[in-house]
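Heads up: the sequence shown is residues 7 to 299, going by the numbering used here.
Structure first, then comments.
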Amino acid sequence: MKLFKNVVLTVIGGVGYDVLSEKRAESYEIKTPYGSVFASILYTGAGGSNFDIAFISRHQGKHHVPPHKINFLALIDAARQINAPIFAVNSVGLMRKVPLVENFETDEFLKTKTFTSPDSFLSFPFFVPNDFIDMTQNRISTFYDNETVHTDMTDPYCTDIRNLLFGVLKELSVSYSQGTYLCTEGPRFETKAEIRMFAQFADVVGMTGVPEVVLAKEAGLCYASLCTITNPAAGLSQNMVTADEVKVVVEKNQKTVFEIISALAAVFAERKNSKSECKKSCQCQNATIHGKL
Ligand SMILES: [Zn+2]
Numbered sequence: 007m008k009l010f011k012n013v014v015l016t017v018i019g020g021v022g023y024d025v026l027s028e029k030r031a032e033s034y035e036i037k038t039p040y041g042s043v044f045a046s047i048l049y050t051g052a053g054g055s056n057f058d059i060a061f062i063s064r065h066q067g068k069h070h071v072p073p074h075k076i077n078f079l080a081l082i083d084a085a086r087q088i089n090a091p092i093f094a095v096n097s098v099g100l101m102r103k104v105p106l107v108e109n110f111e112t113d114e115f116l117k118t119k120t121f122t123s124p125d126s127f128l129s130f131p132f133f134v135p136n137d138f139i140d141m142t143q144n145r146i147s148t149f150y151d152n153e154t155v156h157t158d159m160t161d162p163y164c165t166d167i168r169n170l171l172f173g174v175l176k177e178l179s180v181s182y183s184q185g186t187y188l189c190t191e192g193p194r195f196e197t198k199a200e201i202r203m204f205a206q207f208a209d210v211v212g213m214t215g216v217p218e219v220v221l222a223k224e225a226g227l228c229y230a231s232l233c234t235i236t237n238p239a240a241g242l243s244q245n246m247v248t249a250d251e252v253k254v255v256v257e258k259n260q261k262t263v264f265e266i267i268s269a270l271a272a273v274f275a276e277r278k279n280s281k282s283e284c285k286k287s288c289q290c291q292n293a294t295i296h297g298k299l
């Protein structure tokens with residue numbers, strides 16, 4: 007689409023990020039076979055280059071669409087039309103102790119703290135998924151209904167974007183952890199017993215990461231996610247899990263997420279403008295090639 011020709015990164019944002027589309031320029035309707043999607047364009051001149059970031063609100067519309075009703079097919083088809091790598095922002099609950107990959111905290115006291123202590127996990131809110139487990143129940147999770155296509159999921163999250171993201175996080179001195187994301191159907195939070203079971207297999211739990219990542223792979227698009235850890239999962243703290251605490255933590259970390267998005271987009275812009283051919287290190291666009299029967 008001509009309108010999106012300078013877009014170097016498509017951001018799909020959830021709770022707390024609707025504000026992006028409200029604050030900035032107009033939103034544009036992208037028609038897809040699955041319904042319309044509204045996307046806005048954020049202009050940025052960071053790093054001396056002019057490029058655009060497309061922003062798609064995951065919970066489209068004035069009324070926040072609940073996670074189990076999100077039209078993921080339309081969202082990813084719209085992203086396919088924009089045709090840029092996808093950077094998703096998700097909120098998650100923490101289920102078990104996760105080691106930090108990078109720790110830029112200078113405070114020795116913080117360094118010794120664990121993630122599962124409810125009063126300390128907020129110090130290290132960023133999590134980069136490298137794999138997922140799908141516990142959703144009623145979602146359409148494929149574009150392929152009329153032919154058999156087994157999409158490769160060896161690296162569900164694009165290794166190329168993730169490597170660039172790690173560079174950006176290091177540059178901005180943002181501490182983070184990585185691991186497995188488990189997606190539930192929602193909209194209710196999980197029970198204590200569910201969390202005990204899920205924590206055997208995954209590190210964080212959310213309701214929006216799947217099938218978004220799957221559909222992106224089917225569409226041959228590069229897709230990675232940055233999760234904000236907003237709360238300890240059920241049973242890990244004395245308190246109830248509430249939607250309010252999710253909102254508070256997301257808002258607290260929003261500025262950092264915007265900085266990360268701008269810096270990452272600048273890297274992609276640089277690559278796009280660079281005359282020397284910069285090869286992607288991932289196989290995302292080939293994910294379905296050997297999967298068709
Ligand atoms: Zn990729």
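Backbone N, C-alpha and C fix where the C-beta goes; we use that ideal spot for every residue, glycine too.
Outcome for residue i when other beta-carbon atoms lying within 10 angstroms are tallied against a minimum of 16
i, result
"Lys8", "exposed"
"Tyr187", "buried"
"Glu257", "exposed"
"Gln184", "buried"
"Ala275", "buried"
"Gln206", "exposed"
"Ser42", "exposed"
"Leu175", "buried"
"Asn292", "exposed"
"Leu299", "exposed"
"Phe121", "Reliability of the predicted coordinates at Phe121 is poor, the pLDDT of 49 falling under 50, and the value obtained from them is presented with this limitation in mind. Classification for Phe121: buried."
"Pro72", "exposed"
"Phe115", "Note that Phe115 scores 45 on pLDDT, short of 50, meaning its location in the model is unreliable and no value can be drawn from it."
"Ala94", "buried"
Collapsed DSSP secondary structure at residue i in the structure displayed
i, result
"Leu232", "strand"
"Val98", "strand"
"Phe133", "strand"
"Leu221", "helix"
"Gln206", "coil"
"Gln143", "coil"
"Pro124", "Confidence at Pro124 is low in this model, with a pLDDT of 49, below 50, so its placement is unreliable and no value can be given for it."
"Gln66", "coil"
"Ser268", "helix"
"Ala60", "strand"
"Asn237", "strand"
"Val17", "strand"
"Lys286", "coil"
"Gln87", "helix"
"Gln244", "coil"
"Gly173", "helix"
"Val255", "helix"
"Thr214", "coil"
"Thr262", "helix"
"Leu9", "helix"
"Lys119", "The pLDDT assigned to Lys119 is 48, lower than 50, so where the model puts this residue is not dependable; a value taken from the coordinates is nonetheless given after this. Here Lys119 sits in coil by DSSP."
"Lys298", "strand"
"Ile76", "coil"
"Ala45", "strand"
"Lys198", "helix"
"Glu191", "coil"
"Leu178", "coil"
"Phe149", "coil"
"Lys103", "coil"
"Thr38", "strand"
"Val71", "coil"
Nearest neighbour of residue i, chosen from the options [CA to CA]
i, options, result
"Ile266", "Thr38, Val134, Gly226, Val210", "Val134"
"Phe149", "Ala222, Pro131, Thr16", "Ala222"
"Asn169", "Ala84, Asp140, Pro39, Val107", "Val107"
"Phe264", "Tyr49, Lys298, Glu224", "Tyr49"
"Tyr229", "Val247, Ala272, Asn237, Gly215", "Gly215"
"Asp58", "Leu232, Ser46, Arg64", "Ser46"
"Asp158", "Ala225, Gly20, Asp151", "Ala225"
"Ser287", "Ile295, Ile167, Ile139, Val252", "Ile167"
"Glu251", "Lys68, Ala94, Gly20, Gly99", "Gly99"
"Cys290", "Thr262, Tyr163, Ala271", "Tyr163"
Nearest-angstrom Cβ-Cβ length linking residue i and residue j, presumed shorter than 8 Å
i, j, result
"Ile88", "Val13", "6 Å"
"Met213", "Gly192", "4 Å"
"Ala84", "Thr38", "6 Å"
"Asn77", "Tyr40", "6 Å"
"Thr64", "Leu81", "Correcting the residue type first, residue 64 is Arg in the shown sequence and not Thr. So it is a contact: roughly 7 Å between Cβ atoms."
"Ala239", "Val211", "6 Å"
Heavy atom of ligand 1 within 7 Å of residue i beta-carbon
i, result
"Lys223", "no"
"Asp83", "no"
"Asp151", "no"
"Asp166", "yes"
"Lys286", "yes"
"Cys290", "yes"
"Cys233", "no"
"Cys228", "yes"
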